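Which chain is which? The protein sequence lines are A, B and C, in order. For the first sequence, the working numbering begins at 127 and goes up steadily by one. For the second sequence, the working numbering begins at 10 and goes up steadily by one. For the third sequence, the working numbering begins at 4 and goes up steadily by one. By construction, the Cβ of each residue, glycine as well, lies at the ideal position given by its N, Cα and C atoms. Note that the structure is a prediction, hence the values are computed from the model and not measured. Below is one structure; the comments refer to it alone.
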Amino acid sequence: MPSWSDFQPFIVSGLALGGIYALSGVGLVVLYRATGVLNLAFGAVGAMGAFIAWTLINKAGAPGWVAWIACIVFAGVVTLGYGLIFGPLLAGRGPLVQSVSTLGLALVLFGAIDLLWSTSAGQSRSITFPTDNGGFMVGQVQVNWTSVIGLGAGVVITAGTHAFLRYSKLGTAMRAMANDREITGTLGVPVRRVEAAAWFGCGLLSGIAGILLADLAALDDTTLVFTVVISSLAAALIARLRSIWITFAAAIVIGLVHDLVTPITSLTNYRDMTPFVLATIALLLMPRGEILTRSREEG
Amino acid sequence: MIDTAGPKSPAAASLMRRPDRGTLTRATVITAALLLALFALPPIMTGYYTDTMTQVAIYCIVTLGLGLLVGRVGMYSLGQLAVLIIGAWTAARLLFGTGQPFILVLIEAGLVTMIIGSLITLPALRLRGLYLALITLMLSGAVTVVLATLNFPNGGSGFSGYNGSFLHIPQIRRPSFAGTDPAYYRFSVIVAIVMFLLVFAHLRARPGRAWASIRQSEAASLAAGINTTFYKLWAMALASFVTGVAGALLAGADRELFSIDFPIQNSITLLAVVLMGGAFSLVGAVIAGFLQAFLPAFLYQVWGVPNDWLIILFGVGVMQVLATAPGGIADQFPKDMKRLYRFIRRRVRPPAPSPASASAKGGETA
Amino acid sequence: MIEITDLTVRYGGVTSLDGLSVTFEAGTCGLIGPNGAGKTTFFNVLSGFVRPASGSAQAFGDDLLKMPHYRRARWGVRRTFQTEQAIEGLTVYDNVAMVHSPLRGAARRADVLAAIEFVGGGRLDPDARVGTLGAGQRRFVEVARAVAGKPRLILLDEPAAGLPEGETAHLTSVIKSIPEQSGALTILVDHDMSLVSAVCETTAVLDFGKLIASGPTAAVLRDENVMRAYLGTAEVST
Numbered sequence: 127m128p129s130w131s132d133f134q135p136f137i138v139s140g141l142a143l144g145g146i147y148a149l150s151g152v153g154l155v156v157l158y159r160a161t162g163v164l165n166l167a168f169g170a171v172g173a174m175g176a177f178i179a180w181t182l183i184n185k186a187g188a189p190g191w192v193a194w195i196a197c198i199v200f201a202g203v204v205t206l207g208y209g210l211i212f213g214p215l216l217a218g219r220g221p222l223v224q225s226v227s228t229l230g231l232a233l234v235l236f237g238a239i240d241l242l243w244s245t246s247a248g249q250s251r252s253i254t255f256p257t258d259n260g261g262f263m264v265g266q267v268q269v270n271w272t273s274v275i276g277l278g279a280g281v282v283i284t285a286g287t288h289a290f291l292r293y294s295k296l297g298t299a300m301r302a303m304a305n306d307r308e309i310t311g312t313l314g315v316p317v318r319r320v321e322a323a324a325w326f327g328c329g330l331l332s333g334i335a336g337i338l339l340a341d342l343a344a345l346d347d348t349t350l351v352f353t354v355v356i357s358s359l360a361a362a363l364i365a366r367l368r369s370i371w372i373t374f375a376a377a378i379v380i381g382l383v384h385d386l387v388t389p390i391t392s393l394t395n396y397r398d399m400t401p402f403v404l405a406t407i408a409l410l411l412m413p414r415g416e417i418l419t420r421s422r423e424e425g
Numbered sequence: 010m011i012d013t014a015g016p017k018s019p020a021a022a023s024l025m026r027r028p029d030r031g032t033l034t035r036a037t038v039i040t041a042a043l044l045l046a047l048f049a050l051p052p053i054m055t056g057y058y059t060d061t062m063t064q065v066a067i068y069c070i071v072t073l074g075l076g077l078l079v080g081r082v083g084m085y086s087l088g089q090l091a092v093l094i095i096g097a098w099t100a101a102r103l104l105f106g107t108g109q110p111f112i113l114v115l116i117e118a119g120l121v122t123m124i125i126g127s128l129i130t131l132p133a134l135r136l137r138g139l140y141l142a143l144i145t146l147m148l149s150g151a152v153t154v155v156l157a158t159l160n161f162p163n164g165g166s167g168f169s170g171y172n173g174s175f176l177h178i179p180q181i182r183r184p185s186f187a188g189t190d191p192a193y194y195r196f197s198v199i200v201a202i203v204m205f206l207l208v209f210a211h212l213r214a215r216p217g218r219a220w221a222s223i224r225q226s227e228a229a230s231l232a233a234g235i236n237t238t239f240y241k242l243w244a245m246a247l248a249s250f251v252t253g254v255a256g257a258l259l260a261g262a263d264r265e266l267f268s269i270d271f272p273i274q275n276s277i278t279l280l281a282v283v284l285m286g287g288a289f290s291l292v293g294a295v296i297a298g299f300l301q302a303f304l305p306a307f308l309y310q311v312w313g314v315p316n317d318w319l320i321i322l323f324g325v326g327v328m329q330v331l332a333t334a335p336g337g338i339a340d341q342f343p344k345d346m347k348r349l350y351r352f353i354r355r356r357v358r359p360p361a362p363s364p365a366s367a368s369a370k371g372g373e374t375a
Numbered sequence: 004m005i006e007i008t009d010l011t012v013r014y015g016g017v018t019s020l021d022g023l024s025v026t027f028e029a030g031t032c033g034l035i036g037p038n039g040a041g042k043t044t045f046f047n048v049l050s051g052f053v054r055p056a057s058g059s060a061q062a063f064g065d066d067l068l069k070m071p072h073y074r075r076a077r078w079g080v081r082r083t084f085q086t087e088q089a090i091e092g093l094t095v096y097d098n099v100a101m102v103h104s105p106l107r108g109a110a111r112r113a114d115v116l117a118a119i120e121f122v123g124g125g126r127l128d129p130d131a132r133v134g135t136l137g138a139g140q141r142r143f144v145e146v147a148r149a150v151a152g153k154p155r156l157i158l159l160d161e162p163a164a165g166l167p168e169g170e171t172a173h174l175t176s177v178i179k180s181i182p183e184q185s186g187a188l189t190i191l192v193d194h195d196m197s198l199v200s201a202v203c204e205t206t207a208v209l210d211f212g213k214l215i216a217s218g219p220t221a222a223v224l225r226d227e228n229v230m231r232a233y234l235g236t237a238e239v240s241t
């Protein structure tokens with residue numbers, strides 16, 4: 127069993143990862159509450175954005191910050207585009223169908239990434255931030271700035287989203303729509319515009335998560351499209367697609383457990399199972415009562 | 010109080026379902042196709058295509074299971090890849106570790122897979138469909154992680170049956186009566202037919218009716234006293250069983266199993282091809298099997314098209330099918346053909362003025 | 004007899020049923036109230052789709068709320084829905100046969116066919132696929148489902164909604180005959196007051212999840228409180 131000092135660096139990286147899962151999870155939950163769609167392609171758009179950023183930096187010689195902004199904007203625009211087209215097309219089909227449709231988008235992007243940035247020549251790509259090398263010491267642990275950004279982004283975005291939903295007009299409209307879309311429409315709320323804002327916001331968050339993960343984890347399509355999606359989804363699922371603060375807490379726990387398992391040699395190879403195990407436990411403990419009511423369409 | 014005043018005795022009528030012309034035609038075509046597949050194809054196929062068609066037969070079973078879940082019960086599972094891996098792993102372990110006859114191993118792999126698949130999805134079955142999709146996606150992730158560490162058995166000892174230091178990896182054995190590639194191909198087709206018949210039998214009986222009811226309205230089903238969780242579990246058990254059997258067939262077909270042959274995106278492409286092929290019909294499952302196993306091999310062999318283009322195509326297909334044609338190719342193709350036929354007929358024979366006669370049987374003109 | 008005591012249902016900050024206490028004696032009873040009064044929620048509680056925060060429902064001496072939803076149908080609860088839920092992919096016969104029944108074999112077949120005949124009046128073909136039927140006929144299939152087997156409590160949720168005039172008349176006579184046909188207690192929710200007064204001996208009125216009136220139908224429909232509750236929505240006329 128590893129010692130406490132062996133675990134310490136993984137607390138830092140776990141928190142950073144958790145923060146990123148949290149900001150992705152929050153984006154997922156808000157979009158789901160506002161539009162009824164669980165955007166399973168959020169990992170893919172962020173991934174493609176990260177690869178585009180890599181090309182801009184390494185092939186076009188663009189400065190880092192331009193590339194990162196391009197990544198975030200790209201993710202936002204693609205997600206918004208998808209929402210504008212497929213939102214109306216699939217309206218009324220239910221969350222399951224609409225969410226499965228986003229898997230189609232994920233496949234398209236995944237295939238495109240493989241085509242455009244193939245790894246057949248054996249090259250490995252990476253994204254680095256200038257903050258990777260600086261840092262400070264907390265006790266005996268080295269904390270680099272990028273990890274701080276990761277966790278900080280998670281906290282700031284969760285708190286910011288909470289404030290946005292509570293205090294801004296657009297946020298209140300989103301909350302109203304989460305409660306009952308039809309009535310909100312009849313109240314004169316511009317439902318389409320609110321939905322578009324939700325899609326765009328979720329896309330921006332995917333871009334942020336994508337570029338951060340590309341730095342902290344790996345610039346690899348399978349990791350970015352699937353592995354991290356599963357972690358953020360697990361966090362959202364544990365929060366029953368409802369509370370953004372529980373999403374945040376669950377995401378931090380998932381990130382921490384995942385990384386803290388790393389130094390335990392007997393378990394280390396299985397740490398990517400963490401989200402699955404935690405989500406299954408949450409499902410087992412989930413109460414049945416309210417779930418059945420929601421599955422019926424009538425009022 | 011029995012009232013038989015109707016034009017025909019309803020009880021007798023419902024017992025004897027007189028097959029109409031459409032069903033007979035379909036049955037003939039299917040039988041002909043199967044005979045073709047079993048007897049006409051093997052002599053003319055090269056080794057490459059024999060292997061490919063064996064994969065098609067195997068994946069048709071997988072799409073059969075997933076099509077059952079999605080099309081008949083309305084359960085979207087993204088975990089069939091995981092189930093396939095479990096089946097293949099179990100079969101490989103048994104084939105290496107024991108001397109049991111191949112068919113017995115097939116059944117055992119199916120049963121093990123059935124138990125694991127049902128148990129894992131059980132917590133999600135009581136909840137919204139979206140949760141089932143999510144938990145099965147995570148299951149696929151988890152199984153691919155375990156597989157990366159555990160690896161497929163390759164003749165080693167111990168629980169995992171994997172020995173990383175083998176220089177010469179033994180091949181998984183095949184049944185004594187189907188050792189050669191063409192013979193194994195026929196064997197796979199026959200197993201596939203048996204699996205289809207198994208599912209077909211379920212669909213015609215009480216489970217099939219319960220599933221139809223659950224798919225449309227879970228509330229009405231509950232109100233009628235149907236234990237929806239039980240029937241959903243049954244569907245998942247059946248789908249897991251056939252997929253486990255398919256996994257066992259895969260072990261015998263490939264003879265050496267590698268984890269990179271089961272990338273996680275396949276859990277999504279499987280759903281994609283089932284949706285595109287047509288989730289609501291057994292024919293759709295066959296089309297889906299071809300999409301999954303034949304199309305990539307064919308395109309690569311003939312035109313050197315890399316697999317990534319197909320992934321993109323499947324992604325587009327999912328979105329298109331969900332948005333416009335929920336029945337997939339199996340549903341859309343006959344409709345398109347009929348429309349094409351009517352279009353051609355109108356060109357060849359100028360139509361009568363009234364629109365009603367355009368769809369009439371004889372197409373007589375005034 | 005059904006006795007509801009202090010039934011409360013809360014969901015997401017909204018109290019749909021607020022300490023509802025009401026007794027339904029026998030025969031056919033009406034349940035009316037403005038939209039959002041809690042009528043469908045009440046049915047959902049009885050069917051087992053919604054778990055109440057508190058309260059009890061005793062039916063013919065059995066505690067309904069203790070049973071899981073699918074068992075209630077076996078006990079004898081039957082229900083139709085506001086938007087009809089007949090299963091399109093199955094035939095009329097299969098739809099009605101789906102309902103749990105204590106009968107087996109030939110007796111069960113006879114019972115199903117009798118239910119179809121009773122409700123359909125000879126116009127419902129047991130072998131027809133429900134997907135090919137019109138909305139009115141599908142509604143009749145649903146009602147046939149409600150009278151098959153051995154029902155003890157039948158909940159009809161706006162069965163006349165969307166039915167053309169002629170079919171409403173037939174539906175009225177069917178509902179009227181249910182008590183003698185099956186001995187079940189029927190609760191009818193509808194906005195069509197002529198249907199309610201033609202069919203129900205007693206009626207209860209809900210508003211904001213509470214009982215505001217109950218008694219003989221004619222008296223209830225003339226009650227001032229009831230008219231006030233309905234002001235601005237459906238007209239109260241017999």
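Which of the three DSSP states is assigned to residue i in this structure?
i      : result
F84/C  : coil
N98/C  : helix
Y14/C  : strand
Q61/C  : strand
K344/B : helix
C203/C : coil
N305/A : helix
A216/C : strand
E6/C   : strand
P128/A : coil
M412/A : coil
R231/C : helix
F267/B : coil
Within 10 Å of its beta-carbon, does residue i have 16 or more other beta-carbons around it, so buried, or fewer, so exposed?
i      : result
A21/B  : Because the pLDDT at A21/B is just 45, under 50, the model does not fix this residue reliably, and the value given afterwards should be weighed accordingly. Answer is exposed; the Cβ neighbour count stays below 16.
G234/B : buried
P343/B : exposed
P16/B  : Legend: pLDDT at P16/B = 39, less than 50; position of this residue unreliable, no value from coordinates given.
For a contact meaning CB atoms closer than 7 Å, what does residue i contact in chain B?
i      : result
T406/A : P132 and I144
A360/A : M147
Can you name the residues of chain B whose CB is closer than 8 Å to the CB of residue i?
i      : result
N395/A : V154, A157 and T158
Anything in chain C within Cβ reach of residue i, meaning under 7 Å, just list it in chain order.
i      : result
G234/B : Y73, A76, R77, V102 and H103
R218/B : L93, D97 and M101
A377/B : Here chain B covers residues 10 to 375 and nothing more, so residue 377/B does not appear.
Starting from residue i, find everything on chain B with Cβ-Cβ shorter than 9 Å and list it in chain order.
i     : result
F52/C : A228, L231 and A232
In chain A, which residues lie with their C-beta within 7 Å of the C-beta of residue i?
i      : result
D317/B : G237, D240 and L241
So residue i is in the alpha helix (DSSP H); what residue range does that whole segment cover?
i      : result
S197/B : D190 to R213
V171/A : F168 to N184
S276/B : Q274 to G286
D128/C : Neither: D128/C is in no alpha helix (DSSP H) and is coded neither H nor E.
Tell me which residue opens and which closes the beta strand (DSSP E) that residue i is part of.
i      : result
V269/A : V267 to N270
I157/C : L156 to D160
Notebook entry, point to check: How do the stretch 143–152 of chain C and the stretch 96–107 of chain C stand: do at least 3 beta-carbon pairs fall below 8 Å, yes or no?
Noted result: yes
Next item on the list: State whether the stretch 201–216 of chain A contacts the stretch 268–287 of chain A, with contact taken as three or more CB pairs (one from each stretch) at a distance under 8 Å.
Entry: no
Item checked: the stretch 208–227 of chain A in contact with the stretch 319–331 of chain A per 3-pair CB rule at 8 Å -> yes
Checklist line | Stretch-stretch touch, CB-based, cutoff 8 Å, three pairs: the stretch 100–115 of chain B with the stretch 145–164 of chain B | finding: yes
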